[in-house]
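First up is the structure itself, then whatever we jot down about it.
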Amino acid sequence: MNSDHVNRGHLRDFTTDIRVLTIAAIAVMIGTAAVFAGIALLKLIRLATNIAYFGQFTLADLKLQDTPLGYAAVIVPVIGALIIGLMARFGSEKIRGHGIPEAIEAILLGRSRLDAKVAVLKPLSSAISIGSGGPFGAEGPIIMTGGAIGSLIAQMLPVSDNERKTLLVAGAAAGMTTVFGTPIAAIMLAVELLLFEWTPRSFIPVAVGAVVAEVERTLLHLPSPIFPFTGGMEPSIAALGGWVLVGIAAGLLSGLLTQMVYACEDGFEKLPVHWMWWPMLGGLVVGIGGLIEPQALGVGYDNIANMLDGRTLAIAALILLVVKAIIWSVALGSGTSGGVLAPLLIIGGAMGAVLAGFLPEAGPGFWALLAMAATMGGTMRAPLTATFFAVELTGNTHVLLPLIAACATAHAVTVLLMKRSILTEKIARRGHHLVREYRVDPFALTRVREVMTSEVESVPATMTLHGAAAFLTAPETRHPSFPVVNENGHVLGLIDPPAILRWRRAGTHRTTTLGELLAGSKVTLAYPDEYLEGLSDKLLVANVSHLPVVSREDARLVGYIGWKDLMRVRSRKQAEERDRAALLGFGNRGKRYDIR
């Protein structure tokens, strides 16, 4: 019988089983809960804005720049920031910041557990922050809130850590979908930023949560797309040059914004006052910025609409760009509560509106849209999320090509210039290293026969205990352990110095044979056709460093494998990344890597 055939019958493309349907069903409930949380957050923001700037307890759509407060409006963000500082100090410190790093940290380090305080205080603090003029968006807080809802529901159910992570991310994706009507981008955000894997067991429930949220928000008559846009640009060499230039500019802007945020955070860290008071200082900067450019306050969705319509003049866009970037960086660095997506869209769009006069001719708002997406993708290091986000926000699939060109360029610039993104820098500052490159495990691609030692040194079952002790302690013995085989070549077990010592201490007679000592013992074996992924588990469970390899057909010893052989696979993978060779060069055969 062919050994490959025996082993192949147990292998599949994916390890996902029917359990995924149960998790997907739970994701339906979480998606629904996230929709109501998202709607509640949007209404809270409007209510907070109307109370703070108009003194009216109403949900009417009043424009922040129409406030009758005049210069007194500068104090409103300060008061809002004070409330947030108190909520963070005496409620939960996790409400500080924009929420996505906290969600990532919970997934990677906290077994995907978020508490009920976060689910309540995060949207409330964000509504107060944005409603009192904070230059933030609602997406980061609702991602955190939706994730908290998913985590809380999962904590009430008998699920694994991986399943809890999936449900947390499903809630986050549903929350983002509710606010923006972008289910595809929400799913991509999950894949690029939150899941840290690409498997059906996580993708399917997350997709279910996002799709359910989109259907329900449509039934509730929430607008979609939020910013309709019909413009575009025909592909050409000149056009491609413009797309790349916008991507480069967006990448540089992304790096600058990230540096500004963390420079502000470092500055606040040096202040001789408790962090509870920092948001007030950030709020003062926000208030002053609002006097200079009122359009820079709040979520600023009107700014996005105006830019896409081509109604924003270059000088106005430049003022908005500078003021929004400064007050957003200072406010976020001070530890107040708010999101990053909408501010990045506005700042990037303003840059696009400024550059439009120097770029090839295109439809109104086209360059602003490209710069929005590229700035978002570069700053968050999520180019696919940014591309689909812009398409879904505008309902315009014709701009897909220029969007991906600009976003990929911005991504390249930020990856090459900066070690970390605005999202992962905070996690790194807390002492945790995060790798965002997902690859197939080389252990899942390599079989035992490719790395095992084929010329095996073994000892016969007829060897006595005294003979084994002398053999293992002889100067010419090169290995710490050896398989014991009978006359048929079948493995009875392994011997090493600790085993010999145990038998001697137990009073076993020195003339007892190894065959007698190992009779009836259970032996963990490896097979030539199995993959190292399973072998590593065998080594761990058996608590040994080496395993004998036997043929599936006749169980005869054919090899020996240990942990050093597994490490050579890792070394080969690193060599494939590092070493370069021209395989088709004249007179050059290239380099071969022997992993044995």
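Residues 11 to 606 in our numbering are what the sequence shown spells out, letter by letter.
Where is the CB? At the ideal position from N, CA and C, for every residue including glycine.
No experiment lies behind these values; they were computed from the predicted model shown.
Quiz prompt | Given leucine 191 as reference, the closest of Val201, Leu162 and Ile236 once Cα atoms are compared | solution = First, the amino acid is wrong: residue 191 is glycine here, not leucine. Closest option to glycine 191, Cα to Cα, is Ile236.
Quiz item: Looking at the unbroken beta strand (DSSP E) that takes in histidine 608, where does it start and where does it end?
Solution: As displayed, the chain neither begins before 11 nor continues past 606, which places residue 608 out of reach and without an answer.
Quiz item: Whose C-alpha, out of Gly95, Lys132 and Ala415, is nearest the C-alpha of glycine 615?
Solution: Outside the shown range of the chain, which is 11 to 606, sits residue 615, and nothing can be said about it.
Exercise. Check the DSSP bridge columns for threonine 463 and list the partner residues they point to.
Key: DSSP output for threonine 463 lists Tyr570 as bridge partner(s).
Exercise. Report back the beta-carbon spacing between valine 136 and isoleucine 89 to the nearest angstrom; my notes put them in contact at under 8 Å.
Key: The sequence as given places serine at residue 136; valine does not occur at that position. Rounded, the Cβ-Cβ distance is 16 Å, inconsistent with contact.
Quiz prompt | Assigned exposure category for serine 246 - 16 Cβ within 10 Å defines buried | solution = Counting Cβ neighbours within 10 Å, serine 246 comes out exposed, since fewer than 16 surround it.
Quiz item: Among Ile298, Val295, Gly359 and Leu351, which has the Cα closest to the Cα of asparagine 313?
Solution: Of the candidates Ile298, Val295, Gly359 and Leu351, the one whose C-alpha sits nearest the C-alpha of asparagine 313 is Gly359.
Quiz item: According to the Cβ coordinates, are alanine 260 and glycine 388 closer than 8 Å?
Solution: Going by C-beta atoms, alanine 260 is nearer than 8 Å to glycine 388.
Quiz prompt | Nearest residue (CA-CA) to lysine 334, options Ala315, Ala366 and Leu301 | solution = Nearest C-alpha to lysine 334: Leu301.
Quiz prompt | Supposed close pair leucine 177, isoleucine 33 - CB separation, criterion 8 Å | solution = With 8 Å as the limit, leucine 177 and isoleucine 33 qualify as a contact, their Cβ atoms being about 7 Å apart.
Quiz item: What three-state label does DSSP hand proline 87 in the structure shown?
Solution: Secondary structure of proline 87 (DSSP, three-state): helix.
Quiz item: Whose CA, out of Leu576, Ser344, Thr434 and Ala471, lies closest to the CA of proline 145?
Solution: Taking each of Leu576, Ser344, Thr434 and Ala471 in turn and checking the Cα distance to proline 145, the smallest one comes out for Ser344.
Self-check item: Through-space distance from isoleucine 117 to lysine 429, alpha-carbon basis
Solution: When rounded, the separation of the alpha-carbon atoms in lysine 429 and isoleucine 117 is 21 Å.
Quiz item: So what does isoleucine 505 bridge to, in DSSP terms?
Solution: Under the DSSP definition of a beta bridge, isoleucine 505 partners with Phe492.
Self-check item: Limits of the alpha helix (DSSP H) - the one that leucine 455 falls within
Solution: Segment: none, leucine 455 is in no alpha helix (DSSP H) and carries neither H nor E.
Exercise. Measure the CB-CB distance between proline 558 and alanine 536 and report whether it falls below 8 Å.
Key: Closer than 8 Å, so yes.
Practice problem: Have a look at Ile40, Gly219 and Met154 and flag the residue whose alpha-carbon is nearest the alpha-carbon of isoleucine 163. | Solution: The shortest C-alpha to C-alpha distance from isoleucine 163 to any of Ile40, Gly219 and Met154 is the one to Ile40.
Exercise. Please determine, among Trp208, Ile214 and Ala47, the residue with the shortest C-alpha to C-alpha distance to alanine 35.
Key: Of the candidates Trp208, Ile214 and Ala47, the residue whose Cα lies closest to the Cα of alanine 35 is Ile214.
Quiz item: Do the CB positions of alanine 378 and alanine 396 come within less than 8 Å of each other?
Solution: No.
Exercise. May I have the straight-line CA-CA distance separating arginine 459 from lysine 574, to the nearest angstrom?
Key: Their Cα atoms are separated by approximately 14 Å.
Quiz item: Are there 16 or more other CB atoms within 10 angstroms of the CB of isoleucine 325, so buried, or fewer, so exposed?
Solution: Exposed, because fewer than 16 other Cβ atoms sit within 10 Å of the Cβ of isoleucine 325.
Self-check item: When Arg488, Leu410 and Val501 are compared against threonine 472, the one with the closest alpha-carbon
Solution: Among Arg488, Leu410 and Val501, the Cα nearest to that of threonine 472 belongs to Val501.
Self-check item: Boundaries (first-last residue) of the alpha helix (DSSP H) holding arginine 174
Solution: 171-190 is the span of the alpha helix (DSSP H), which, as asked, contains arginine 174.
Self-check item: The alpha helix (DSSP H) enclosing glutamate 226, as first and last residue numbers
Solution: Run containing glutamate 226: 210-229, per the alpha helix (DSSP H) assignment.
Practice problem: Compute the Euclidean distance between the alpha carbons of histidine 476 and leucine 567, then round it to the nearest angstrom. | Solution: Separation of histidine 476 and leucine 567 (C-alpha to C-alpha, rounded to the nearest whole angstrom) is 24 Å.
Self-check item: Proximal residues to proline 353 (C-beta, below 7 Å), its chain only, five neighbours per side dropped
Solution: For proline 353, where only same-chain residues beyond five positions count, the Cβ hits under 7 Å are Pro145, Phe146, Gly147, Lys334 and Trp338.
Self-check item: N-terminal and C-terminal residue of the alpha helix (DSSP H) that isoleucine 414 is part of
Solution: Segment 410-427, the alpha helix (DSSP H) holding isoleucine 414.
Exercise. Have a look at lysine 73 and glutamate 115 and give me their C-alpha separation to the nearest angstrom.
Key: Looking at the backbone, the Cα of lysine 73 and that of glutamate 115 are separated by about 36 Å.
Quiz prompt | glycine 147, DSSP secondary structure in three states | solution = Glycine 147: strand per DSSP, three-state reduction.
Exercise. Going by CA-CA distance only, name the one from Ile258, Gly242 and Thr483 that's closest to leucine 411.
Key: Taking only the C-alpha atoms, the option nearest leucine 411 is Gly242.
Quiz prompt | Same chain, Cβ closer than 7 Å to asparagine 496, neighbours up to 5 away in sequence not counted | solution = Leaving aside the five residues that flank asparagine 496 on each side, the residues in its chain whose CB is nearer than 7 Å to its CB run, in chain order, Ala471, Leu502 and Gly525.
Exercise. Answer with buried or exposed for isoleucine 28, where buried requires no fewer than 16 other C-beta atoms within 10 angstroms of its C-beta.
Key: The residue in question, isoleucine 28, is exposed, as its Cβ has fewer than 16 Cβ neighbours within 10 Å.
Quiz item: When the Cα of threonine 487 is compared with those of Val494, Gly293, Gly499 and Glu467, which residue comes out closest?
Solution: Of the candidates Val494, Gly293, Gly499 and Glu467, the one whose C-alpha sits nearest the C-alpha of threonine 487 is Glu467.
Self-check item: N- and C-terminal bounds of the alpha helix (DSSP H) containing lysine 104
Solution: Per DSSP, lysine 104 belongs to no alpha helix (DSSP H) and is neither H nor E.
Quiz item: For the alpha helix (DSSP H) that valine 296 lies in, which residues bound it at each end?
Solution: In the DSSP assignment, valine 296 falls within the unbroken alpha helix (DSSP H) covering 288-302.
Exercise. Run the CB neighbour count on phenylalanine 368, radius 10 Å, all protein chains shown included, and call it buried at 16 or more, exposed below.
Key: Exposed, since its Cβ has fewer than 16 Cβ neighbours within 10 Å.
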